[in-house]
Amino acid sequence: MSVEKKRTSGCLIAAIVVAVLLAICCTLLAAITAFAPGPRRAFTQLTRTASVAWKARNAIGTKELRAAGCTDAYVVEVKDVPDQFIDAGSFEVAVTCHVREKSLSCAEVAAAYRAAPGANAGALRAIVMRADKSHACEGDY
233 MSVEKKRTSG CLIAAIVVAV LLAICCTLLA AITAFAPGPR RAFTQLTRTA
283 SVAWKARNAI GTKELRAAGC TDAYVVEVKD VPDQFIDAGS FEVAVTCHVR
333 EKSLSCAEVA AAYRAAPGAN AGALRAIVMR ADKSHACEGD Y
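Residue numbers for the sequence shown follow this note's numbering, beginning at 233 and rising by one.
#1: Which one or two residues does DSSP pair with residue 261 in a beta bridge?
#2: Return the chain-ordered list of same chain residues with a C-beta closer than 8 Å to the C-beta of residue 311, the five sequence neighbours on each side being excluded.
#3: Could you pull out every residue in the same chain whose Cβ sits closer than 8 Å to the Cβ of residue 365, ignoring the five residues on either side in sequence?
#4: Which complete alpha helix (DSSP H) runs does the region 319-365 hold, if anything under 4 residues is left out?
#5: Please name the residue in 250, 328, 255 whose C-alpha comes closest to that of residue 309.
#6: Where residue 194 and residue 278 are concerned, what is the direct C-alpha to C-alpha distance, given to the nearest angstrom?
#7: I'd like the list of long-range same chain contacts for residue 370, defined as Cβ closer than 8 Å, with 5 residues on each side in sequence excluded.
#8: Sorted by chain position, which residues of the same chain lie with C-beta nearer than 7 Å to residue 334's C-beta, five sequence neighbours on each side aside?
#9: Taking the beta carbon of residue 293 as the centre, do at least 16 other beta carbons fall within 10 Å, making it buried, or is it exposed?
#10: Tell me the DSSP secondary structure of residue 307 in three-state form.
#11: Between the Cα of residue 306 and those of 322, 274, 276, 342, spot the shortest distance and give me the residue it belongs to.
#12: Rounded to whole angstroms, what's the CA-CA distance from residue 245 to residue 348? Just pull it up for me.
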């Protein structure tokens with residue numbers, strides 16, 4: 233009786249080779265990003281923008297805006313947004329409300345935000361967006 237040795241599957245070997253090559257590529261990309269000023273600046277802007285978006289979705293007042301009828305709400309403190317992405321004009325806070333059927337007015341959105349405990353009392357821009365991505369209204373309060 234002869235016992236055959238188990239051989240390593242060709243698919244397993246290929247998967248290991250691909251994983252090693254992927255690890256090498258990721259290491260090279262990380263090194264290039266860390267030491268080259270252009271990619272590093274782009275990566276920094278990307279992470280900063282993602283941070284602003286996360287903060288905006290969970291900011292003070294978003295819970296009250298959703299309770300008022302917004303399907304989704306964002307509150308952005310203009311000071312947190314990089315200068316090249318926004319021309320702040322005369323407002324400190326941008327409040328965006330997405331609606332489906334029931335349309336809220338910009339005044340109602342501004343009032344719902346102002347009613348939130350700890351809401352920024354400075355000038356704000358209210359923006360209401362419909363489900364089809366069209367503007368319902370935009371106004372400064």
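Even for Gly, the Cβ is constructed at its ideal location relative to N, Cα and C.
In this structure, then:
#1: Residue 261 is not bridged to any residue.
#2: 324
#3: none
#4: 338-346
#5: Residue 309 has its Cα closest to that of 328, out of 250, 328, 255.
#6: As shown, the chain starts at 233 and ends at 373. That puts residue 194 outside it, with no answer to give.
#7: 338, 357, 358, 359, 360
#8: Only 301 meet the Cβ criterion.
#9: For residue 293, the number of other beta carbons within 10 angstroms of its own is at least 16, and it is reported as buried.
#10: strand
#11: 342
#12: 58 Å
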